[in-house]
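Number of protein chains: 2
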Amino acid sequence: MERIGEAEFAVMEVLWDAAPLTAAEVAERAPVDRRWSMATVKTMLGRLLVKGVLTHEEDGRRYLYRPAVSRDDYLAQESERLVDRLFGGRVTPLVAHLAQRDRLSPRDIAEIEALLKALKP
Amino acid sequence: MERIGEAEFAVMEVLWDAAPLTAAEVAERAPVDRRWSMATVKTMLGRLLVKGVLTHEEDGRRYLYRPAVSRDDYLAQESERLVDRLFGGRVTPLVAHLAQRDRLSPRDIAEIEALLKALKP
DNA sequence: GCGAAACGATTACATCTGTAATCACGAACT
DNA sequence: AGTTCGTGATTACAGATGTAATCGTTTCGC
Numbered sequence: 001m002e003r004i005g006e007a008e009f010a011v012m013e014v015l016w017d018a019a020p021l022t023a024a025e026v027a028e029r030a031p032v033d034r035r036w037s038m039a040t041v042k043t044m045l046g047r048l049l050v051k052g053v054l055t056h057e058e059d060g061r062r063y064l065y066r067p068a069v070s071r072d073d074y075l076a077q078e079s080e081r082l083v084d085r086l087f088g089g090r091v092t093p094l095v096a097h098l099a100q101r102d103r104l105s106p107r108d109i110a111e112i113e114a115l116l117k118a119l120k121p
Numbered sequence: 001m002e003r004i005g006e007a008e009f010a011v012m013e014v015l016w017d018a019a020p021l022t023a024a025e026v027a028e029r030a031p032v033d034r035r036w037s038m039a040t041v042k043t044m045l046g047r048l049l050v051k052g053v054l055t056h057e058e059d060g061r062r063y064l065y066r067p068a069v070s071r072d073d074y075l076a077q078e079s080e081r082l083v084d085r086l087f088g089g090r091v092t093p094l095v096a097h098l099a100q101r102d103r104l105s106p107r108d109i110a111e112i113e114a115l116l117k118a119l120k121p
C-alpha cells in the first residue's frame with residue numbers, strides 16, 4: 001500500500017467516517033483547523049486516487065469518493081512500520097516503552113490484561 | 001523535538017550506538033544497504049545539527065558528533081505520535097490491533113503480561 | 001439563450017527529504 | 001613550495017507533500 005501524508009490521512013479519515021461522499025462534502029467535513037480551500041481538497045482526492053487508496057464512481061457530472069483500503073488495514077500498516085523501524089519488529093519493547101513512559105493508566109493495564117487473557121487458547 | 005526523516009534516523013542510530021564519532025566514522029558505520037557517499041552523510045549531520053538533535057564539539061580541524069536527544073526520548077515521541085494520530089491517544093486499541101493482526105506470539109503475550117503485572121502496585 | 005456556479009483537471013509553488021557535487025581552506029605529503 | 005587530501009559549508013536537484021490558483025466544461029437559474 002502506498003504511503004500517504006498527514007493531510008491526505010485527514011481526508012481518508014473523513015471518508016472512513018462516511019462514504020461515499022462528493023468532493024464538496026469531504027471539504028465540509030474536513031477538520032476545521034485545517035481551513036482547506038476546495039482546491040486543496042480536490043488535490044488531495046486526486047492524489048489519493050492515484051495512490052489507489054480511494055476509488056470514485058460517477059454520479060452525474062461529479063464523483064462519489066470512497067476508500068479503497070480499510071482503516072484497519074491502514075492502521076496495521078502504519079503500526080507495523082513503527083514497530084519494525086523503532087522496535088526491531090517486536091511488540092513487547094513497544095509496550096514496555098509505553099509503560100515506562102507512563103502512558104499506561106491502571107485502566108489501560110486492566111484492559112490489556114483482559115485482552116491478552118482472551119487471546120490465550 | 002523536531003521531526004527527522006528515515007535517512008536521518010539511520011544516522012542517529014549510528015550515533016546512539018557509539019558516540020562521539022567523526023563524520024568519516026559515521027559514514028563507515030552507516031547501514032551498508034544505503035550506499036551513502038561522504039557528501040550525503042555530511043548533509044545529514046548538518047541537518048541534524050540544525051534540528052538540534054545532534055551536537056558537535058571541535059576536535060582539531062574536524063568535529064565529533066554526538067546525539068543531543070536520547071534514543072528513548074525519540075522513541076517515546078514517535079510512539080506517542082502514532083498512538084495519538086491513529087488510536088486517539090489510547091494505547092489499548094493499539095495493542096488490541098496488533099493482537100488481532102497476529103503480531104503477538106504466545107511468548108509476546110507472556111512477556112507483556114509479566115511486564116504489566118510488575119507495573120501494578 | 002446567457003451568465004454564473006459547480007466540477008474535475010492542470011499547473012504552480014514553497015518546503016522537506018534523500019542524495020550528492022562543488023567550494024574553500026587548512027593539513028599532510030613529496 | 002606545490003599538490004593533493006580531508007573536512008565542513010554551500011549549492012544542486014529530484015521527488016513527495018501541503019496548499020492553492022487557474023482552466024475548460026457543463027449545467028442551472030433566470
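From first to last, the protein sequence lines stand for chains A and B.
Here my numbering is used: the first residue of the first sequence is 1, the next is one more, and so on.
Here my numbering is used: the first residue of the second sequence is 1, the next is one more, and so on.
Yeah, the Cβ is synthetic: ideal placement off N, Cα and C, and Gly gets one too.
For the segment 91 to 121 of chain B, the residues whose beta carbon sits under 7 angstroms from a beta carbon of chain A are, in order, Val91, Thr92, Leu94, Val95, Ala96, His97, Leu98, Ala99, Arg101, Arg103, Leu104, Asp108, Ile109, Glu111, Ile112, Glu113, Leu115, Leu116, Leu119 and Lys120. In the three-state scheme derived from DSSP, where H, G and I count as helix and E and B as strand, B:Thr55 is classed as strand.
Between the segment 71 to 80 of chain B and the segment 59 to 69 of chain A there are fewer than three C-beta pairs closer than 8 angstroms, too few to call the two in contact.
Within the DSSP secondary-structure output, A:Leu21 pairs in a beta bridge with A:Tyr65. In this structure, DSSP gives B:Glu2 a state outside helix and strand, which the three-state scheme calls coil. The beta carbon of B:Glu8 does not come within 8 angstroms of any beta carbon belonging to chain A, so the residue lies off that interface. Scanning chain B for C-beta atoms nearer than 7 angstroms to the C-beta of A:Glu78 yields Leu82 and Leu86, reported in chain order. Within chain B, the C-beta atoms nearer than 7 angstroms to that of A:Leu75 come from Leu86 and His97, in chain order. By the beta-carbon neighbour count (other beta carbons within 10 angstroms, threshold 16), A:Ser79 is buried.
By the Cβ neighbour-count rule, B:Met38 is exposed, with fewer than 16 other Cβ atoms within 10 Å of its own. In the structure shown, A:Ala30 adopts coil according to DSSP, grouped into three states. The three-state reading of DSSP puts B:Gly88 in coil, since its state is none of H, G, I, E or B. With a beta-carbon spacing of about 14 angstroms, B:Val95 and B:Gly89 fall beyond the 8 angstroms limit used to define contacts.
Of the candidates A:Glu6, A:Arg29, A:Ala114 and A:Arg3, A:Arg29 places its Cα closest to the Cα of A:Leu15. Of the residues A:Asp17, A:Arg85 and A:Ala23, the one whose Cα lies closest to the Cα of B:Gly5 is A:Arg85.
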